[in-house]
Amino acid sequence: MSSIQIQSAEVNNLVRSTHLITGESEMGESQQQQCFQPPIYYDSNTIEQREGLLRSLAQNPNMLNDFYQFLEFTRARSAQQSFRHTYNDQINQEQQQIPSILNIKTSFQHKSSTPKRSRPLNESDGSISSAQKQHKPSTNAYIQRKQAITTNEQQRKSLPFVQLKRAVSSNLPCFFIEFDQSTTIHRLPSAFEARSLIEKHFKEHNIRIQHFSLVGWANKRLKLGVNNKEDYMALVTTENWPTAIKSVPIKIVKPKFIPDCLALVVRYVPRELDLEFVKEEIKRTIASADNIKQIYYTYERKSNDFRFTVTDLTEYNTARELGRISIGNHWLSITPFLSGNRMTYCTRCWKIGHLREQCKNNVQRCRVCLQEIKQKEEHVCDHVPKCAQCDGEHHSLNGKSKKPQQSVWNGVQTETGHDITPDSTKALLLINENLVEMRESNRRVEEKLEKINTQVNQTALDAELHQSTMNKLIENVQSLIQNVLGPVMQQVKPELLKSKIGLQSIYDNLRDLKKDLKNDYEIRRKSPTTSLQPPTPDKQIATSENTIRDDSLTMK
Numbered sequence: 390m391s392s393i394q395i396q397s398a399e400v401n402n403l404v405r406s407t408h409l410i411t412g413e414s415e416m417g418e419s420q421q422q423q424c425f426q427p428p429i430y431y432d433s434n435t436i437e438q439r440e441g442l443l444r445s446l447a448q449n450p451n452m453l454n455d456f457y458q459f460l461e462f463t464r465a466r467s468a469q470q471s472f473r474h475t476y477n478d479q480i481n482q483e484q485q486q487i488p489s490i491l492n493i494k495t496s497f498q499h500k501s502s503t504p505k506r507s508r509p510l511n512e513s514d515g516s517i518s519s520a521q522k523q524h525k526p527s528t529n530a531y532i533q534r535k536q537a538i539t540t541n542e543q544q545r546k547s548l549p550f551v552q553l554k555r556a557v558s559s560n561l562p563c564f565f566i567e568f569d570q571s572t573t574i575h576r577l578p579s580a581f582e583a584r585s586l587i588e589k590h591f592k593e594h595n596i597r598i599q600h601f602s603l604v605g606w607a608n609k610r611l612k613l614g615v616n617n618k619e620d621y622m623a624l625v626t627t628e629n630w631p632t633a634i635k636s637v638p639i640k641i642v643k644p645k646f647i648p649d650c651l652a653l654v655v656r657y658v659p660r661e662l663d664l665e666f667v668k669e670e671i672k673r674t675i676a677s678a679d680n681i682k683q684i685y686y687t688y689e690r691k692s693n694d695f696r697f698t699v700t701d702l703t704e705y706n707t708a709r710e711l712g713r714i715s716i717g718n719h720w721l722s723i724t725p726f727l728s729g730n731r732m733t734y735c736t737r738c739w740k741i742g743h744l745r746e747q748c749k750n751n752v753q754r755c756r757v758c759l760q761e762i763k764q765k766e767e768h769v770c771d772h773v774p775k776c777a778q779c780d781g782e783h784h785s786l787n788g789k790s791k792k793p794q795q796s797v798w799n800g801v802q803t804e805t806g807h808d809i810t811p812d813s814t815k816a817l818l819l820i821n822e823n824l825v826e827m828r829e830s831n832r833r834v835e836e837k838l839e840k841i842n843t844q845v846n847q848t849a850l851d852a853e854l855h856q857s858t859m860n861k862l863i864e865n866v867q868s869l870i871q872n873v874l875g876p877v878m879q880q881v882k883p884e885l886l887k888s889k890i891g892l893q894s895i896y897d898n899l900r901d902l903k904k905d906l907k908n909d910y911e912i913r914r915k916s917p918t919t920s921l922q923p924p925t926p927d928k929q930i931a932t933s934e935n936t937i938r939d940d941s942l943t944m945k
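Numbering-wise, the sequence shown is residues 390 to 945 according to this note's numbering.
Following this line, the structure appears as structure tokens:
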């Protein structure tokens, strides 16, 4: 008997034993889970199908080996099952760990002569349609969870219009080509043809640009745009633009402003630095820096930020790469300028909420005085501002007007997604104003305390000088009485020396005065009201005591 026939016989025995083991295990599971399963009846077709399956396995050694391993795995799994696992966990574990036999049996049905069945068989030779029906709810729940996750991801990835508007607010401005007015429409080249001719002209003059990313007509002018800073700066700085396209004279209109994408911000500049000094330091480091202005915030800050534009792309890239700039003795950071959301307003009537193309007013008004302008050359503005929103004596877009404030707060609510009520806004502004006033009050109190401290120190120095002067004066008078007046009085009228108004009495009074002066000074030094403790007067007093040791007047 060959090895294949021996293995086939073993498989036949394993199939039969597997039926018994699987039936017993399923019976135990049904008793544990209290689930009803209908009994399985074996007919002649089932026996023939099993015999045909065994013949097919005997003809294919590889498939027979896989089937043999599958049966061994099934027996080991059935022996190691515990009563703790639930039925659903066992089904999920079988789907993850057991190799699928469904495809094998399906291929056997095509190759063997067994009759075709509409349902595949499970391990106990029964239909597995009931098991599939039990899995449908879990599969549907998984699909629903997956769809919900996909929907949430799509919602997170979707960008609101406000952010998109901010993203395109720093786009590079376009170049306009004005054709000769005497040229008819039929002689004008198409937009794509003009683009190709201009790019060819730049290539001939060694002006390297990639290509124009925007080509179109704006009324009677041709509009050209690029989408990178290198091409934009090359087109702005060059003067080698063509003067004619297909023999039609043209005029180039370059942008008159520097876009926000070429602006930088110096951050955390100390407030004690002067504006002119900051401008000078920035100019010394970045020569092409222009339009240096301070950024004003709605809240109090300990430092200032300065915005400026850079016309040289090399210096711009260098500043971005370094990320630092030296101003005075400070090493400050440089970041790109991010333009904020802009209010939508009309440049014809200067009202908020619509654009110039949507304005219903046909009369152009002055931006400052709001007077009608029939001809721009004849208008003379009186420079008295007037608001188009509230008729107040300020500009139309000034923050004092209520409508611009409401527009700004609506934009903040849209961007942050939080509802900010006007009452809470007023409360926050009031708190900020109170904090500013408290800081100013503390600063004024500190200045007054410094002045008082200076005056107290000056008074203490004056008192020390006065005490030292008085001490020296008393010593000089005592020396004069003892060395000059005493001997003279001894020779002229000795009785006056011992009298109450004599030299001895005056000498004693000076001694007491000197002692009192010393005691008062020592008490004042020990008092906490003064911080000066000069050691000089003590030495001087000690010296004077050594000079005049005797309490009584001695005459030489």
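Note that CB positions come from ideal geometry on N, CA and C, so glycine has one too.
Opposing strand residues paired with residue i [DSSP bridges]
| i | result |
| --- | --- |
| L561 | Bridge partners of L561: none, in fact. |
| F568 | I639 |
| H719 | I716 |
| K612 | F565 and G605 |
| P659 | S692 |
| F697 | L653 |
| I762 | Q753 |
| A678 | V699 |
| Q880 | None; Q880 has no bridge partner. |
For residue j and residue i, the rounded distance between their alpha carbons
| i | j | result |
| --- | --- | --- |
| V637 | E567 | 10 Å |
| N629 | C738 | 40 Å |
| T573 | K609 | 11 Å |
| N560 | N616 | 8 Å |
| L613 | S602 | 8 Å |
| V658 | H719 | 8 Å |
| S419 | L443 | Bear in mind that the predicted position of S419 carries a pLDDT of just 40, short of 50, making it too unreliable to give a figure here. |
| R696 | L727 | 10 Å |
| D901 | T848 | 25 Å |
| P774 | E689 | 28 Å |
| I895 | G875 | 11 Å |
| T463 | Q448 | 23 Å |
| T873 | I912 | At residue 873 the sequence reads Val, which differs from the Thr that was named. Using only the alpha carbons, I get a separation of about 34 Å. |
| E761 | G742 | 20 Å |
| A652 | P562 | 14 Å |
| P488 | F459 | A caution first: P488 carries a pLDDT of 45, below 50, which makes its placement in the model too unreliable to give a value. |
| I681 | T698 | 7 Å |
| E461 | S445 | 19 Å |
| I684 | E767 | 36 Å |
| I863 | A852 | 16 Å |
| K903 | E822 | 60 Å |
| V877 | T858 | 27 Å |
| S677 | K635 | 37 Å |
| K882 | I841 | 56 Å |
| D569 | S579 | 15 Å |
| L721 | Y686 | 19 Å |
Proximity below 8 Å, CB of residue i to CB of residue j
| i | j | result |
| --- | --- | --- |
| Q856 | Y910 | yes |
| H575 | E588 | no |
| R745 | T736 | yes |
| L611 | A633 | no |
| H694 | R660 | The sequence as given places Asp at residue 694; His does not occur at that position. No, Cβ-Cβ distance for D694 and R660 is not below 8 Å. |
| N865 | L906 | no |
| D679 | T700 | yes |
| P644 | H590 | no |
| I723 | V834 | no |
| I675 | F564 | no |
| L662 | I716 | yes |
Residue i, buried or exposed, once every other Cβ within 10 Å from all chains shown has been counted against 16
| i | result |
| --- | --- |
| T626 | exposed |
| C770 | exposed |
| Y705 | buried |
| N898 | exposed |
| W606 | exposed |
| R597 | exposed |
| L453 | buried |
| F456 | buried |
| S813 | exposed |
| H784 | buried |
| L854 | exposed |
| A816 | exposed |
Review point. Quick check: the segment 703-712 against the segment 746-760, are there 3 or more CB pairs under 8 Å?
Key: no
Practice item. Answer yes if the segment 665-672 comes into contact with the segment 619-634, meaning at least three C-beta pairs across the two stretches below 8 Å, and no otherwise. Key: When C-beta atoms of the segment 619-634 are compared with those of the segment 665-672, fewer than three pairs fall below 8 Å, so the two segments do not count as touching.
Review point. Does the segment 774-784 touch the segment 645-660, meaning 3 or more C-beta pairs lie closer than 8 Å?
Key: no
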